[in-house]
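Student:
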């Protein structure tokens, strides 16, 4: 009898929510992969988001993943954009080998960074990488970073995304915990011990391909390139399926 397919943990980026990833989630589920993709505690519109960091995000993800692991299922973790930080953190103590050493079944078998923050140095943060100054697409408002009007303007948009998709995306955007973009990372992509794949999106205007490749190389990731912007899953069905195929390929290894 063949083993069940791995669970796919899909971690959304800053200001986003799982609904933005339906073009990945639905095809994966159609192929028989269970998908765990909860909204992150560090994103939202109310005060419960205040002070939340990647640590809280990883805890939420583990709550959703643990029942599958306890059944003996293996998992592939996929982090997009800022979600790459939580993707790394989620693996701590939860790999197949680490769980086996504790007498537990299941575990995380691989990590995929999708044009994501695979931060290689302890103590680094997203805001630190930006030099301590927020880009013009968001600003501080109390305990949050909130998107500015410029964020959805033609001047800043990833124009590879169709106009109707841009409108749908904008309606579901949320605030981001200020702490989540400033918290120093304590478990890095370098610390991840399972096989790592980095999907470099070569036309990304938000996270340049050179920076993506630099992080991928520092973390000893296998590099796969996709000719797309920061949101390949929103550009077209073809680009979304290209990402799905990479995830399925990693899951089958």
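In our numbering, the protein residues as written are 17 to 269.
Glycine is no exception: its CB is placed at the ideal position from the N, C-alpha and C atoms.
Every value quoted in this text rests on a predicted model; they were computed, and no experiment measured them.
Considering only their Cβ atoms, is the gap separating residue 119 from residue 89 smaller than 8 Å?
Tutor: For residue 89 and residue 119, no; Cβs fall outside 8 Å.
Student: Return the first residue and the last residue of the beta strand (DSSP E) that residue 192 is part of.
Tutor: Per DSSP, residue 192 belongs to the beta strand (DSSP E) from 191-193.
Student: On the criterion of 16 or more Cβ atoms from any shown chain inside 10 Å, does residue 195 qualify as buried, or is it exposed?
Tutor: Flag for residue 195 reads buried.
Student: Does the beta-carbon of residue 12 have 16 or more other beta-carbons within 10 angstroms, so that it is buried, or is it exposed?
Tutor: Limits of the chain in this structure are 17 at one end and 269 at the other, which puts residue 12 out of reach.
Student: In the DSSP output, what is residue 213 paired with across the bridge?
Tutor: 128 and 238.
Student: Smallest Cα separation from residue 84: which of 97, 22 and 65?
Tutor: Comparing Cα positions, the closest option is 22.
Student: Below 7 Å CB to CB, which residues in the same chain sit around residue 181 once its five sequence neighbours on both sides are set aside?
Tutor: Same-chain partners within the cutoff: 250.
Student: Answer with buried or exposed for residue 19, where buried requires no fewer than 16 other C-beta atoms within 10 angstroms of its C-beta.
Tutor: With fewer than 16 Cβ atoms within 10 Å of its Cβ, residue 19 is classed as exposed.
Student: Would you say the segment 233-252 touches the segment 138-145, given that touching needs at least three Cβ pairs under 8 Å?
Tutor: Taking 8 Å as the limit for Cβ pairs, the verdict is that the segment 138-145 does not touch the segment 233-252.
Student: Considering just the uninterrupted stretch of the alpha helix (DSSP H) at residue 117, what are its terminal residues?
Tutor: Counting along the chain, the alpha helix (DSSP H) containing residue 117 begins and ends at 112-117.
Student: From the DSSP output, which residues share a beta bridge with residue 155?
Tutor: Per DSSP, 162.
Student: Excluding sequence positions up to five away, which residues of its chain have a Cβ less than 7 Å from the Cβ of residue 192?
Tutor: Here the set comprises 30, 31, 58, 59, 160 and 161.
Student: Would you mind working out which of 202, 42, 226 and 210 sits nearest residue 216, comparing C-alpha positions?
Tutor: Of the listed residues, the one whose Cα sits closest to residue 216 is 226.
Student: Quick one: give me the first and last residue of the beta strand (DSSP E) that residue 91 is part of.
Tutor: Looking at the DSSP string, the run of the beta strand (DSSP E) that includes residue 91 is 90-96.
Student: Leaving aside the five residues before and after residue 65 along the sequence, list all residues of the same chain whose C-beta is less than 6 Å from its C-beta, in chain order.
Tutor: Closer than 6 Å at Cβ, skipping near neighbours: 193.
Student: State the start and end residues of the unbroken beta strand (DSSP E) segment that holds residue 25.
Tutor: Run containing residue 25: 23-27, per the beta strand (DSSP E) assignment.
Student: What is the DSSP secondary structure of residue 15, counted as helix, strand or coil?
Tutor: No answer is possible for residue 15: it lies beyond the span of the chain, which begins at 17 and ends at 269.
Student: If I measure Cβ to Cβ from residue 51 and keep anything under 7 Å in the same chain, skipping five residues before and after, which residues do I get?
Tutor: So the qualifying residues of the chain are 24, 26, 41, 44 and 45.
Student: Rounding to the nearest angstrom, what Cα-Cα distance links residue 130 and residue 213 in this structure?
Tutor: Spanning the two alpha carbons is a distance of roughly 9 Å.
Student: Would the beta-carbon of residue 135 fall within 8 Å of that of residue 56?
Tutor: No.
Student: Per DSSP, what kind of secondary structure is residue 208 in: helix, strand or coil?
Tutor: Here residue 208 sits in coil by DSSP.
Student: With a cut-off of 8 Å on the beta carbons, I'd call residue 210 and residue 124 a contact; round off their distance for me.
Tutor: Yes, they are in contact, since the Cβ atoms of residue 210 and residue 124 sit about 6 Å apart, within 8 Å.
Student: Identify every residue that forms a DSSP beta bridge with residue 51.
Tutor: Note: residue 51 sits in a beta bridge opposite 24.
Student: Under the assumption that residue 108 contacts residue 203 (Cβ atoms under 8 Å), give the Cβ distance between them as a whole number of angstroms.
Tutor: Going by Cβ atoms, the distance from residue 108 to residue 203 rounds to 5 Å, so yes, they are a contact pair.
Student: Taking the alpha helix (DSSP H) that residue 301 falls in, what are its first and last residues?
Tutor: Given that the chain is displayed from residue 17 to residue 269, the structure contains no residue 301 and the question cannot be resolved.
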